[in-house]
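J.:
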Amino acid sequence: MKELSYLNKYFIKYKYSFSLGILFTIIAQIFMLFTPKLISQSFKAIEAFSKDKTVASTVIREELISNVLLIIATTIIAGFLTFLMRQTLIVMSRHIEFDLKNEVFRQYENLSQNFYKQNRTGDLMNRISEDVSKVRMYVGPAVMYSINTIIRFTIVIVYMYNVSPRLTTYTLLPLPLLSYGIFKLSSEINKRSTIFQQYLSKVSSFSQEIFSGVRVIKAYSLEDQHQNNMIALANESKNKSLNLAKVQSLFGPLMLALIGISNLVVIYFGGIMYIDGTIKSIGTIAEFILYVNMLTWPVASLGWVSSMVQEAEASQKRLNEFLKTEPEIQNKNTKPSIIEGDIVFNNVSFTYEDTKINALKNISFTVNKGETLAILGKTGSGKSTILSLISRLYDTTDGAILIDNTEISSLNLFDLRNSIGIVPQDAFLFSDSIKNNIKFGKENATDDEVAAAAKSAVVHDNIMGFNKQYETILGERGITLSGGQKQRVSIARAIIKNPPILLFDDCLSAVDTETEETILNNLFQICKDKTTIIVSHRVSSAKNANRILIIEDGRIIQQGTHNQLVNQEGYYASLYLKQLSEKEML
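Using the numbering used here, you'd call the opening residue of the sequence shown number 7 and step up by one each time.
1) Looking at C-alpha atoms only, which residue of 354, 269 and 146 is the closest neighbour of residue 367?
2) Helix, strand or coil: which one does DSSP assign to residue 295?
3) Which same chain residues, not among the five before or five after residue 407, have their C-beta less than 8 Å away from its C-beta?
4) Taking the alpha-carbon positions, what's the residue 474 to residue 480 distance?
5) For a test of the three-state rule: what should DSSP assign to residue 367, helix, strand or coil?
6) Can you tell me where the alpha helix (DSSP H) with residue 530 in it begins and where it stops?
7) Cα-Cα, which of 497, 470 and 437 is closest to residue 427?
8) Is it the case that the Cβ atoms of residue 287 and residue 43 are separated by a distance below 8 Å?
9) Buried or exposed for residue 199, please, with buried defined as at least 16 other CB atoms from any protein chain shown within 10 angstroms of its CB.
10) Going by the beta-carbon positions, is the gap between residue 209 and residue 243 smaller than 8 Å?
11) Using DSSP with H/G/I as helix, E/B as strand and the rest coil, what is residue 561?
12) Rounded to whole angstroms, how far is the Cβ of residue 582 from the Cβ of residue 382, which I believe are closer than 8 Å?
13) Got a sec, what are the start and stop residues for the beta strand (DSSP E) residue 353 sits in?
14) How big is the Cα-Cα spacing for residue 518 and residue 240?
15) If you drop the 5 nearest sequence neighbours on each side, which residues of the same chain put their C-beta closer than 8 Å to that of residue 138?
16) Looking at the secondary structure, which residues open and close the alpha helix (DSSP H) in which residue 130 lies?
17) What is the DSSP secondary structure of residue 567, counted as helix, strand or coil?
18) Report the rounded CA-to-CA distance for residue 290 versus residue 169, giving the unit in angstroms.
19) Would you grab the beta carbon distance between residue 514 and residue 525 for me? Rounded to a whole angstrom, and I think it's under 8 Å.
20) Once you ignore the five residues that flank residue 180 on each side, which residues in its own chain have a CB closer than 8 Å to its CB?
21) Along the chain, which unbroken stretches of the beta strand (DSSP E) at least 3 residues long are found entirely within the segment 442-528?
22) Could you pull out every residue in the same chain whose Cβ sits closer than 8 Å to the Cβ of residue 443, ignoring the five residues on either side in sequence?
23) For residue 151 and residue 158, what's the separation of their Cα atoms in angstroms?
24) Ignore the nearest five residues each way along the sequence and tell me which others in residue 92's own chain have a CB closer than 8 Å to its CB.
25) Which whole-angstrom value describes the C-beta separation of residue 339 and residue 425, a residue pair presumed to lie in contact below a C-beta threshold of 8 Å?
26) Please report the straight-line C-alpha distance between residue 385 and residue 129, rounded to a whole angstrom.
27) Quick check on this structure: which residue in 440, 587, 204 and 164 has the alpha carbon closest to the alpha carbon of residue 136?
28) According to DSSP, is residue 172 part of a helix, a strand, or is it coil?
29) Where do the ends of the alpha helix (DSSP H) carrying residue 28 lie?
30) Using the Cα positions of residue 455 and residue 502, report the straight-line distance between them to the nearest angstrom.
31) Taking the alpha carbon of residue 371 as the reference point, which residue from 153, 440, 31 and 552 has its own alpha carbon closest?
32) Indicate the three-state DSSP secondary structure (helix, strand or coil) for residue 535 in the structure shown.
33) Taking its Cβ as the centre, do 16 or more other Cβ atoms sit within 10 Å of residue 512, making it buried, or is it exposed?
34) Contact defined as beta carbons within less than 8 Å: I believe residue 390 pairs with residue 560. What is the distance between those atoms, to the nearest angstrom?
35) Look at the Cβ atom of residue 292, then the Cβ atom of residue 11, and state whether they are nearer than 8 Å.
36) Pull up the distance between the alpha-carbon of residue 121 and that of residue 228, whole angstroms please.
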């Protein structure tokens with residue numbers, strides 16, 4: 007129960023619903039106990055009549071009718087109170103499920119890039135869906151039936167003891183055996199439930215990965231191979247599920263057998279006690295049988311409840327692994343930060359924690375507001391890492407990044423990121439309309455603003471060619487569009503935001519040179535009063551920048567304007583001549 011103690015804060019939050027549910031449970035159990043007592047009284051009345059025929063049969067009949075009506079009334083009241091109990095406790099569990107899912111989602115949003123490199127999407131989805139559902143079964147049905155069982159046991163045993171302490175003792179003799187059986191089975195369920203949940207996450211992760219990469223699988227005709235892999239993984243998951251089900255299936259028969267033994271105990275010892283005169287009425291034995299059967303469902307539910315608790319414990323442990331993970335990137339300043347756009351890198355070095363790759367080594371440069379900086383270099387030279395550090399997706403290993411003469415970690419993290427419009431190398435679009443994908447950069451944007459941004463990104467004409475134009479729904483990750491169209495929609499999304507800092511990470515690689523030239527001309531008009539950094543492999547994207555950096559192996563090997571660098575021997579001049587000759591050949 008250690009892991010489940012994390013949920014205590016939710017029980018405190020919903021303490022009024024929780025307390026009201028317990029109150030309804032107590033009152034419902036009290037009303038349910040009227041039935042055995044009334045049946046016992048009815049038996050006693052019938053016995054009295056059979057021993058003394060002078061008692062008027064009409065009196066006995068009236069008493070029996072009265073008892074029947076009381077039984078019906080108390081049963082209806084108990085049923086209504088049980089309904090109210092479920093309405094409070096089960097509804098409370100749904101609120102807790104809602105809160106927990108939101109807490110997990112917020113934690114996912116706050117966790118850093120390294121976290122997502124180390125964890126698979128399918129596993130993350132499984133935890134926020136399957137694991138939270140298992141936990142909901144604990145805070146709802148498991149807690150409700152546990153409370154119901156404890157209260158019913160307490161009240162019933164008190165009633166039984168008041169009627170016959172000796173017969174009560176005999177009746178409760180099987181309970182230690184029951185407790186031992188539950189303990190042993192619960193331990194095994196916990197172990198097998200944990201293993202099953204892990205395999206369920208593997209199946210989810212594998213499926214998600216296959217669905218995302220289905221085009222590649224089809225292109226390489228590997229459907230059969232991955233189908234076999236899926237079958238193997240599904241069979242493993244099925245076997246773990248069956249192993250869990252086998253143990254869980256032992257609970258029902260065990261509970262019913264022990265309840266049956268308790269009934270036999272009542273009949274046997276009750277009969278002996280009636281014969282020797284310790285018990286005065288057959289009605290007492292009938293009353294005890296009803297008490298024992300009232301305990302049948304609570305005792306039988308112990309197995310189910312125990313199973314739910316053990317599964318919830320295993321699931322909450324998996325959730326706690328993430329919920330208790332401290333985000334690497336912390337917002338150290340909750341006060342608003344106003345971002346103008348001056349950026350300074352001062353001897354910045356950075357090493358990726360997961361791969362230990364030293365991506366940047368003592369990088370220093372300055373970009374003032376309104377200036378455009380272009381960064382060129384070979385693949386893996388560290389260009390994209392610079393943009394990630396400016397967005398504070400990572401913190402520097404050494405050195406400092408200043409924005410408006412303030413150390414970047416001292417700025418309000420959310421204000422910083424809201425002040426940046428970034429177009430990533432891999433243009434990610436959502437499964438929504440084109441308009442909403444562009445408005446993602448500015449939710450309250452008008453249709454005219456959306457169209458203007460699309461025109462600046464030279465994608466407006468393409469959009470107007472679709473049947474539903476801006477209302478066209480894109481497939482997963484924007485699969486409906488070509489690579490170049492996705493990049494241009496992504497550029498429009500950044501432009502419409504109108505931030506003081508714009509970061510373009512090789513976002514024109516899938517665009518032809520003519521379209522690229524038009525987009526760049528539009529961007530330089532838009533970016534006149536903004537700080538702009540363009541990462542590219544093309545000289546055409548960099549030549550109009552105020553300054554150009556050449557990065558190699560995490561270091562700056564050249565810097566200057568286009569005219570300066572093209573006249574220097576080195577990487578930039580070689581790249582310029584190579585791309586110029588390629589253009590002439592076309």
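All C-beta atoms, glycine included, are put in the ideal place defined by N, C-alpha and C.
T.: In brief:
1) 354
2) helix
3) 349, 350, 351, 352, 354, 395, 396, 413 and 414
4) 11 Å
5) strand
6) 519-532
7) 497
8) no
9) buried
10) yes
11) strand
12) In fact, because the Cβ distance is near 10 Å, the residues do not count as touching under 8 Å.
13) 349-357
14) 45 Å
15) 103, 106, 107, 110, 321 and 325
16) 127-132
17) coil
18) 8 Å
19) 6 Å
20) 264, 267, 268 and 271
21) 507-511
22) 435, 436, 480, 484, 495 and 499
23) 10 Å
24) 150
25) No, residue 339 and residue 425 are not in contact; Cβ-Cβ is about 14 Å, not under 8 Å.
26) 31 Å
27) 204
28) helix
29) 21-38
30) 7 Å
31) 552
32) helix
33) buried
34) With a Cβ gap of about 12 Å, residue 390 and residue 560 do not count as contacting.
35) no
36) 30 Å
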